[in-house]
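Scroll down for the structure; my scribbles are underneath it.
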Amino acid sequence: MQARGEETIVVIGAGVLGLSSALELIEKPETSKYQIVLVADHFSTDPPNPVYATTNAGAHFRPIPATDTQTELESDHAVRTYSRFKKLAEEEPAFGIKFLEGIEYVSGPAAEKYKAMKPNYVKQEGFRLLEGPEKPAGVEFAARYESFMVEPDTYCFHLLRRFRLKGGKILRLRLQSVEEAFCLDDYKVSLVVNCSGMGFGDPKVFVIRGQTCLIAETATKTVTQQNADGTWTFLVPRPLNGGTVVGGTKEVGDWNPTASIAVREELLRNAAKMYPGIVNSKGGFEVIKDIVGRRPAREGGMRLEVEILPDKRPVVHAYGIGGRGFETSWGIAEDVQRMVTEALGKRPLASRL
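The sequence shown runs 74 to 426 under the numbering used here.
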């Protein structure tokens with residue numbers, strides 16, 4: 074089958090990073106001249122699947138207390154993403170984005186990063202330390218800030234819809250390698266963006282299993298508590314009257330797709346203790362469903378770089394962000410678009426003809 078004359082950029086993966094990157098590429102003038110094709114085997118419109126972490130996400134914003142090079146990069150991505158979500162919330166109310174107060178309680182070893190009061194953390198809109206009666210007993214660090222929450226199914230649906238309306242193409246296909254994306258029938262592929270999550274066998278990538286629970290009761294703010302023993306308790310209200318996500322576990326290397334009833338009961342007990350105002354008139358919760366997802370993380374942080382394959386074809390990698398996909402999505406997408414522009418501009422003349 075003959076390849077089209079139009080040069081193509083393929084984006085692998087339709088999670089929040091792939092969707093954001095594909096949309097950024099098709100909207101920016103430097104890359105909008107290319108045909109953008111989104112290739113994935115899972116989309117947000119499919120039934121829930123632990124493999125597709127995006128629609129299983131808590132999907133809320135927490136500023137990052139950057140203390141090293143990797144977290145400084147993630148913090149930069151988060152700051153830029155926050156600005157983009159604020160603009161989207163104002164312009165696109167149907168996207169399922171809502172800004173609310175965020176509360177952070179931290180105890181144990183992690184508290185030292187927060188107590189450092191790095192500028193990238195304390196400059197977050199609405200930041201204020203919580204002291205005295207506002208700080209629960211036993212909590213080492215407490216703060217509030219402005220946050221946003223996302224209804225992931227609704228949001229990703231609208232990203233995909235906008236991408237299609239702007240001329241983007243989608244292919245449902247399970248690829249076995251990045252190289253395979255250069256060989257799509259009917260397309261003259263010049264560059265591949267790898268937002269595959271797991272990175273096609275990258276030995277540094279691992280999963281972090283998360284179990285949460287969606288309840289009908291609605292919290293009025295998002296609250297995150299890191300406990301001294303390393304466990305987490307959090308509440309994330311869903312926009313559009315979607316209830317509240319109660320979490321959650323972080324189990325490294327656990328591929329179990331099945332929710333545990335015992336874990337659910339523990340999550341709900343911890344939530345009631347941390348935020349008693351959310352308990353209903355019967356003293357409990359109306360459980361809608363259990364949620365299990367596998368966050369694709371990477372040793373040393375996400376891979377975000379350009380790779381030139383032995384045959385000189387460029388690949389932009391953007392995977393392994395773990396549980397911060399929504400919080401960093403637009404900052405990463407902006408970097409992806411910049412890297413794509415630079416990589417295509419550096420190609421030898423012969424490869425452009």
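Glycine residues also receive a C-beta, built at the ideal position from the N, C-alpha and C atoms.
All values reported here derive from a predicted model rather than from experimental measurement.
Asked: Inter-stretch contact (C-beta, 8 angstroms, three-pair minimum) for the region 167 to 174 and the region 220 to 227; Found: yes
Asked: Check whether I288 and E359 have beta carbons under 8 angstroms apart; Found: yes
Asked: Whether A183 touches R201 by CB criterion (8 angstroms); Found: no
Asked: Close-in-space but distant-in-sequence residues of the same chain around M74 (CB under 8 angstroms, 5 per side omitted); Found: Note that M74 scores a pLDDT of 35, beneath 50, so its modelled location is shaky; the value from the coordinates is reported in the next line. Same-chain partners within the cutoff: D258, D259.
Asked: Residue range of the unbroken beta strand (DSSP E) whose run includes R217; Found: 214 to 223
Asked: Nearest candidate by alpha-carbon position, reference D363, set G404, R371, T317; Found: T317
Asked: 4-residue-minimum alpha helix (DSSP H) runs that sit fully inside the region 218 to 269, ordered along the chain; Found: 225 to 238
Asked: Buried or exposed (CB count within 10 angstroms, at least 16 for buried), P349; Found: exposed
Asked: Segment limits, alpha helix (DSSP H) that includes Q143; Found: 142 to 164
Asked: Within 8 angstroms, strictly: CB atoms of Y392 and R367; Found: no
Asked: Cβ pair count under 8 angstroms reaching 3, the region 82 to 94 against the region 263 to 274; Found: yes
Asked: Contact between the region 400 to 407 and the region 146 to 163 (3+ Cβ pairs under 8 angstroms); Found: yes
Asked: Whether I109 touches L98 by CB criterion (8 angstroms); Found: yes
Asked: Residue burial classification, E290 (beta-carbon count within 10 angstroms, cutoff 16); Found: buried
Asked: CB of V379 within 8 angstroms of CB of M412, strictly; Found: yes
Asked: Cβ separation of Q429 and G315, assumed to be a contact under 8 angstroms, to the nearest whole Å; Found: No answer is possible for residue 429: the residues shown for the chain start at 74 and end at 426.
Asked: Three-state secondary structure (DSSP) of Q410; Found: helix
Asked: Rounded distance between the beta-carbons of G181 and N300, thought under 8 angstroms; Found: 7 angstroms
Asked: Per DSSP, the bridge partner or partners of G404; Found: Looking at the DSSP assignment, G404 forms no beta bridge with any residue, so it has no partner.
Asked: Contacting residues, own chain, Cβ-Cβ under 6 angstroms from Y178 (five flanking each side not counted); Found: V212, A215, Q298
Asked: Closest Cα partner of K419 within the set R386, G396, I405; Found: R386
Asked: Reduced DSSP secondary structure (H/G/I, E/B, other) of K171; Found: strand
Asked: Under the three-state DSSP convention, the category T118 falls into; Found: coil
Asked: Under the three-state DSSP convention, the category G88 falls into; Found: coil
Asked: Exposure label - R425; buried when at least 16 CB within 10 Å; Found: At R425 the pLDDT is 48, less than 50, meaning the model places this residue with poor confidence; the figure from the coordinates comes in the next sentence. It is exposed - the Cβ of R425 has fewer than 16 other Cβ atoms within 10 Å.
Asked: Simplified DSSP state of K362, which is helix, strand or coil; Found: strand
Asked: Exposure label - A126; buried when at least 16 CB within 10 Å; Found: buried
Asked: Nearest-angstrom beta carbon gap, F255 and V262 [assumed within contact, 8 angstroms]; Found: 5 angstroms
Asked: Reduced DSSP secondary structure (H/G/I, E/B, other) of T104; Found: helix
Asked: Residues sharing a beta bridge with F279, DSSP; Found: A370
Asked: Neighbour-count burial assignment, G131, 16 or more Cβ in a 10 Å radius; Found: buried
Asked: Straight-line Cα distance separating R342 from K208; Found: 20 angstroms
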